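Taken in order, these protein sequences are the chains called A and B.
First residue of the first sequence? That's 1 in our numbering, and the numbers climb one at a time after it.
First residue of the second sequence? That's 1 in our numbering, and the numbers climb one at a time after it.
Following: one structure in structure tokens, then a few remarks.
Number of protein chains: 2
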Amino acid sequence: MEITKFAVPEIIFGRGSLNYAGLCARRLGAKKVFLVSDAGIEEAGWLQRLMNILEKEGIEWVYYPGVTANPRDFQVEQGAELYRKNGTDVIIAIGGGSPIDTAKGIAILASNGGRIRDYEGANKVQRALPPMICITTTAGNGSDISQFCIITDVERRVKMSIITRTLIPNISIVDPLILRTKSKTLIIESAVDALAHAIEAYLSRIASPFTEMHSLKAIELIVGNLKDAVDTRSLDALEQLSTASVSASMAFSNASLGAEHALAHSLGGHFDVSHGVLHPILLTAVMRFNRKYAVQKMADIGRIVLGEQLGSDLDTAQAGIERLDQFFAGLEVSQRLREVVEEEEWRYMEAICKMAVRDACNLTNPGPATWRDFLKICEEVW
Amino acid sequence: MEITKFAVPEIIFGRGSLNYAGLCARRLGAKKVFLVSDAGIEEAGWLQRLMNILEKEGIEWVYYPGVTANPRDFQVEQGAELYRKNGTDVIIAIGGGSPIDTAKGIAILASNGGRIRDYEGANKVQRALPPMICITTTAGNGSDISQFCIITDVERRVKMSIITRTLIPNISIVDPLILRTKSKTLIIESAVDALAHAIEAYLSRIASPFTEMHSLKAIELIVGNLKDAVDTRSLDALEQLSTASVSASMAFSNASLGAEHALAHSLGGHFDVSHGVLHPILLTAVMRFNRKYAVQKMADIGRIVLGEQLGSDLDTAQAGIERLDQFFAGLEVSQRLREVVEEEEWRYMEAICKMAVRDACNLTNPGPATWRDFLKICEEVW
Numbered sequence: 001m002e003i004t005k006f007a008v009p010e011i012i013f014g015r016g017s018l019n020y021a022g023l024c025a026r027r028l029g030a031k032k033v034f035l036v037s038d039a040g041i042e043e044a045g046w047l048q049r050l051m052n053i054l055e056k057e058g059i060e061w062v063y064y065p066g067v068t069a070n071p072r073d074f075q076v077e078q079g080a081e082l083y084r085k086n087g088t089d090v091i092i093a094i095g096g097g098s099p100i101d102t103a104k105g106i107a108i109l110a111s112n113g114g115r116i117r118d119y120e121g122a123n124k125v126q127r128a129l130p131p132m133i134c135i136t137t138t139a140g141n142g143s144d145i146s147q148f149c150i151i152t153d154v155e156r157r158v159k160m161s162i163i164t165r166t167l168i169p170n171i172s173i174v175d176p177l178i179l180r181t182k183s184k185t186l187i188i189e190s191a192v193d194a195l196a197h198a199i200e201a202y203l204s205r206i207a208s209p210f211t212e213m214h215s216l217k218a219i220e221l222i223v224g225n226l227k228d229a230v231d232t233r234s235l236d237a238l239e240q241l242s243t244a245s246v247s248a249s250m251a252f253s254n255a256s257l258g259a260e261h262a263l264a265h266s267l268g269g270h271f272d273v274s275h276g277v278l279h280p281i282l283l284t285a286v287m288r289f290n291r292k293y294a295v296q297k298m299a300d301i302g303r304i305v306l307g308e309q310l311g312s313d314l315d316t317a318q319a320g321i322e323r324l325d326q327f328f329a330g331l332e333v334s335q336r337l338r339e340v341v342e343e344e345e346w347r348y349m350e351a352i353c354k355m356a357v358r359d360a361c362n363l364t365n366p367g368p369a370t371w372r373d374f375l376k377i378c379e380e381v382w
Numbered sequence: 001m002e003i004t005k006f007a008v009p010e011i012i013f014g015r016g017s018l019n020y021a022g023l024c025a026r027r028l029g030a031k032k033v034f035l036v037s038d039a040g041i042e043e044a045g046w047l048q049r050l051m052n053i054l055e056k057e058g059i060e061w062v063y064y065p066g067v068t069a070n071p072r073d074f075q076v077e078q079g080a081e082l083y084r085k086n087g088t089d090v091i092i093a094i095g096g097g098s099p100i101d102t103a104k105g106i107a108i109l110a111s112n113g114g115r116i117r118d119y120e121g122a123n124k125v126q127r128a129l130p131p132m133i134c135i136t137t138t139a140g141n142g143s144d145i146s147q148f149c150i151i152t153d154v155e156r157r158v159k160m161s162i163i164t165r166t167l168i169p170n171i172s173i174v175d176p177l178i179l180r181t182k183s184k185t186l187i188i189e190s191a192v193d194a195l196a197h198a199i200e201a202y203l204s205r206i207a208s209p210f211t212e213m214h215s216l217k218a219i220e221l222i223v224g225n226l227k228d229a230v231d232t233r234s235l236d237a238l239e240q241l242s243t244a245s246v247s248a249s250m251a252f253s254n255a256s257l258g259a260e261h262a263l264a265h266s267l268g269g270h271f272d273v274s275h276g277v278l279h280p281i282l283l284t285a286v287m288r289f290n291r292k293y294a295v296q297k298m299a300d301i302g303r304i305v306l307g308e309q310l311g312s313d314l315d316t317a318q319a320g321i322e323r324l325d326q327f328f329a330g331l332e333v334s335q336r337l338r339e340v341v342e343e344e345e346w347r348y349m350e351a352i353c354k355m356a357v358r359d360a361c362n363l364t365n366p367g368p369a370t371w372r373d374f375l376k377i378c379e380e381v382w
């Protein structure tokens with residue numbers, strides 16, 4: 001094995017773990033916290049709950065509410081301005097991937113200056129970031145665990161991947177109780193995001209034994225629990241999805257991803273569509289493209305989703321991919337690109353596919369994917 | 001699941017990863033490093049190699065060589081004195097558990113003062129420690145990953161467990177190339193230590209899904225590779241043992257251990273015998289004692305060591321324990337206490353067992369173990 005790195009934040013996991021937020025902030029030296037969240041979290045009452053917890057510990061805060069889905073470069077830059085003005089010392093993000101990625105972007109600019117696009121790619125951040133606590137309110141995005149930050153460059157209409165070890169927060173709090181206030185759609189979109197993370201990290205060219213075991217566990221838990229979590233809202237099933245999300249995130253943060261995420265970033269940036277919507281459309285198509293490069297690993301995935309080994313590894317790999325198609329169909333989500341993108345937009349597809357080739361995630365795909373490969377995949381799933 | 005925590009250092013793993021030591025030290029702000037090692041590592045040339053790497057990065061060092069097996073309280077206190085005198089800023093330990101635990105003890109005293117016995121138990125360390133890099137030269141002890149530090153109190157003749165999150169080093173470097181210079185005996189003793197960590201952490205009352213998957217992976221890798229690693233010295237097999245050790249350490253650092261380690265600490269402290277010698281004697285006997293509390297989990301272990309499920313979980317659990325007895329027998333190590341302890345020492349056994357009950361590891365044993373239970377186990381394995 002080549003030299004591999006494994007880094008994860010300190011994780012506090014479990015029902016009620018949100019209550020530790022104040023103690024954690026104090027441990028990081030917080031006097032005045034910079035809070036980042038969004039309207040949905042506010043409405044569900046979680047932001048107020050967090051404010052009360054901080055108050056109990058005698059910690060002040062400044063709140064930055066300027067977060068939307070698929071956070072934009074200018075939102076990050078406004079946030080950094082507010083951070084600097086207010087003399088805050090610790091950043092806490094509560095929410096899904098959007099508030100957490102916004103907070104990470106703010107942290108980069110707060111201590112490194114410049115524009116957020118200066119940091120696109122791997123290892124471009126030089127100076128240490130302010131201490132950060134992430135409290136995830138979804139089970140999927142994984143930004144609370146990972147060294148990734150995805151920000152949309154509005155001018156270029158592309159989701160930029162910013163990847164660096166310093167983006168791993170100091171502490172990640174994962175409280176499955178928070179999932180109870182989430183819509184069915186959000187639970188599904190988050191879980192399929194985690195599933196795509198787990199599968200792409202497992203197939204990654206830089207996967208290690210430490211990431212592989214987390215990938216496989218996450219795949220098993222999502223395929224085994226998502227239907228139940230959505231149908232019954234059982235706290236046990238929701239907790240399993242949270243466990244899966246943490247495991248998938250430990251995997252992809254350290255093994256990175258592949259061609260499917262490269263394409264999802266490019267499509268998502270152009271059409272302002274979230275990963276959770278795109279994965280059921282793209283994931284199995286990209287797996288079919290990758291099958292020739294990674295039959296054995298695809299068979300490992302097949303054994304988990306099928307619960308058995310078929311005759312050959314190739315048969316098991318193939319049947320596993322088909323079972324995933326059925327799994328997505330059972331969730332009643334779009335499995336065709338034309339259902340989420342207007343027909344007339346097809347003319348942009350070549351440019352989108354050329355953008356996907358340059359995405360950092362494409363580097364770790366098990367085999368090389370050219371823009372023509374991407375275009376063929378888009379045709380297949382159109 | 002109750003609230004659970006998972007914390008591990010940043011890990012740099014792989015053949016040649018030792019070469020990253022200088023860059024890592026610089027990243028932690030090192031100007032003058034406090035080096036801790038022992039005579040065996042010096043002789044094998046690894047210490048000089050590390051010094052050369054630091055020199056290349058323009059980093060000075062002070063070397064503290066006062067480390068023996070089962071490190072003593074006074075050695076830690078001498079080391080802390082030297083640390084303070086020399087204005088050093090980052091601690092690097094290279095070696096097995098003894099240099100690493102000595103370094104951790106020195107780090108505690110350097111920033112918290114007092115005597116090392118003041119910190120015995122869980123969460124007694126208040127102030128942050130100096131930045132620390134651990135470079136393990138064995139595949140087993142796991143102190144390079146864990147929040148544990150074991151120091152012998154010479155006066156009381158007991159191994160003190162000091163357990164606190166701040167004992168997790170900043171960076172752990174695991175280079176399987178270093179294992180090539182180790183003796184057969186040391187490879188076996190280290191691997192059975194990792195095996196005991198994995199099994200006890202799996203059965204622990206505070207095991208979580210995040211620790212359980214690491215435990216099971218470690219058990220599989222050790223049982224599958226130890227014989228080959230010892231017989232052939234194949235680098236692939238040695239690397240598998242390193243992977244197993246890291247996984248076992250991630251598990252036990254976060255799930256803690258059980259009655260077997262409690263007894264091994266107490267016996268080891270009294271008779272100055274290492275864990276690696278005691279585990280093949282104690283582990284299966286303690287597993288038999290614990291079987292009634294954890295049949296299902298014992299069956300999971302059984303399935304891995306046997307490679308199959310027998311009729312019932314109880315049968316699988318039982319057969320798994322027997323297979324572990326055979327595994328130890330195949331290593332040609334002592335499986336009787338009288339082979340490592342003088343007959344006349346039996347008179348101390350009651351006191352030793354009473355000490356074991358109070359060990360922090362006993363708290364997480366799947367069921368309660370009294371001093372009479374421990375004495376019965378010692379009689380069985382005598």
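By construction, the Cβ of each residue, glycine as well, lies at the ideal position given by its N, Cα and C atoms.
Note that this is a predicted model, so its numbers are computed, not measured.
Which residues, in order along the segment 11 to 28 of chain B, keep a beta-carbon less than 8 Å from a beta-carbon of chain A? Of all residues in the segment 11 to 28 of chain B, only Ile11, Ile12, Phe13, Gly14, Arg15, Gly16, Ser17 and Tyr20 come within less than 8 Å of chain A when Cβ atoms are compared, listed by chain position.
Pop quiz: Leu23 (chain B) and Glu57 (chain B) are said to be a contact at Cβ under 8 Å. What is the actual Cβ separation, rounded to whole angstroms? Indeed they touch by this definition, with Cβ atoms about 7 Å apart.
Measure from the C-beta of Ile178 (chain B) to each C-beta in chain A and report whether the shortest distance is under 8 Å. no
Looking at chain B, is there any beta carbon in it that lies within less than 8 Å of the beta carbon of Val305 (chain A)? no
At the 8 Å Cβ level, is Asp217 (chain A) part of the contact set with chain B, yes or no? With the sequence shown as reference, residue 217 (chain A) is identified as Lys, and Asp is not the correct amino acid for it. Cβ-Cβ to chain B under 8 Å: yes for Lys217 (chain A).
Please name the residue in A:Val33, A:Lys31, A:Arg49 and A:Ser256 whose C-alpha comes closest to that of Ser17 (chain A). A:Arg49
Other residues of its chain near Ser98 (chain A): CB distance less than 8 Å, five sequence neighbours each side excluded: Asp38, Val67, Thr68, Ala69, Asn70 and Pro71
Chain B residues whose Cβ lies nearer than 7 Å to that of Pro131 (chain A): In chain order: nothing, as chain B lies at least about 13 Å away.
Cβ closer than 8 Å: which chain A residues qualify as neighbours of Ile3 (chain B)? Ile12, Phe13, Gly14, Arg15, Gly16, Ser17 and Tyr20
Using 8 Å as the cut-off, can you tell me whether the segment 116 to 135 of chain A makes contact with the segment 99 to 107 of chain A, which would need three or more C-beta pairs spanning the two stretches below that distance? yes
Which residue wins for smallest C-alpha separation from Ala139 (chain B), given the options B:Pro169, B:Ala110, B:Lys184 and B:Thr211? B:Lys184
For Val273 (chain B), collect the residues of the same chain with a Cβ closer than 7 Å to its Cβ; drop the 5 residues on either side in sequence, then sort them by chain order. Leu267 and Val340
Expected contact under 8 Å - CB spacing of Asn170 (chain A) and Leu28 (chain A) to nearest Å: That pair is a contact at about 6 Å.
Partners in chain A for Met213 (chain B), counting only beta-carbon separations shorter than 9 Å: Met213, His214, Leu216, Lys217 and Ser247
Taking 7 Å as the limit between beta carbons, can you name the residues of its chain near Met355 (chain B), skipping five residues before and five after? Excluding sequence positions up to five before and after Met355 (chain B), its CB lies within less than 7 Å of the CB of Val158 and Ser266, all in the same chain and listed in chain order.
Name the two residues that bound the continuous beta strand (DSSP E) containing Ile11 (chain B). Glu10 to Phe13
To the nearest angstrom, how far is the alpha carbon of Asn254 (chain B) from that of Ala7 (chain B)? 7 Å
Am I right that Asp73 (chain A) and Asp175 (chain A) are in contact with their C-beta atoms under 8 Å? What's the rounded C-beta distance? Actually they do not touch by this definition, with Cβ atoms about 30 Å apart.
Taking the DSSP output, what are the residues bridged to Cys383 (chain B)? What the structure shows of chain B is the stretch from 1 to 382, and residue 383 (chain B) is not part of that stretch, so it cannot be assessed.
Across which residues does DSSP place Cys149 (chain A) in a beta bridge pair? A:Ile162
So, for Glu200 (chain B): in the same chain, excluding its five sequence neighbours on each side, which residues have a beta-carbon less than 7 Å away from its beta-carbon? Phe252, Leu257, Gly258, Glu260 and His261
Trp46 (chain A): first and last residue of the uninterrupted alpha helix (DSSP H) it sits in: Trp46 to Lys56 is the extent of the alpha helix (DSSP H) around Trp46 (chain A).
Would you mind giving the Cβ-Cβ distance between Val76 (chain A) and Val33 (chain A), rounded to the nearest angstrom? I have them listed as a contact below 8 Å. The Cβ separation is near 18 Å, so there is no contact.
Tell me, which residues are paired with Phe6 (chain A) by DSSP? Bridge partners of Phe6 (chain A) according to DSSP: B:Ile11.
Candidates A:Leu324, A:Met287 and A:Glu332: closest to Pro368 (chain A) by CA position: A:Met287
Sequence-distant residues of its chain with Cβ nearer than 7 Å to Asn225 (chain B) (five each side left out): Ala237, Gln240 and Leu241
Note down, in chain order, every chain A residue with its Cβ under 7 Å from the Cβ of Thr243 (chain B). Near Thr243 (chain B) (Cβ distances below 7 Å), the residues of chain A are Pro209.
Residue from A:Arg303, A:Ile53, A:Thr137 and A:Leu82 whose Cα sits closest to the Cα of Ile219 (chain A): A:Arg303
Do Ile53 (chain A) and Asn19 (chain A) have their C-beta atoms closer together than 8 Å? yes
If contacts are defined as beta-carbon pairs under 8 Å, then Asp193 (chain B) and Gly276 (chain B) qualify, I think. What distance do you get, rounded to the angstrom? 5 Å
I need the boundaries of the beta strand (DSSP E) containing Tyr119 (chain A), first residue and last residue. Where Tyr119 (chain A) is concerned, there is no enclosing beta strand (DSSP E), given that its DSSP letter is neither H nor E.
Tell me the rounded alpha-carbon separation between Gly320 (chain B) and Ala25 (chain A). 45 Å
In this structure, does DSSP put Arg358 (chain B) in helix, strand or coil? coil
At least one CB of chain B closer than 8 Å to the CB of Ala294 (chain A): is that the case? no
Check whether the Cβ of Glu239 (chain B) lies closer than 8 Å to any Cβ atom in chain A. yes
C-beta atoms of Leu375 (chain A) and Cys353 (chain A) nearer than 8 Å: yes
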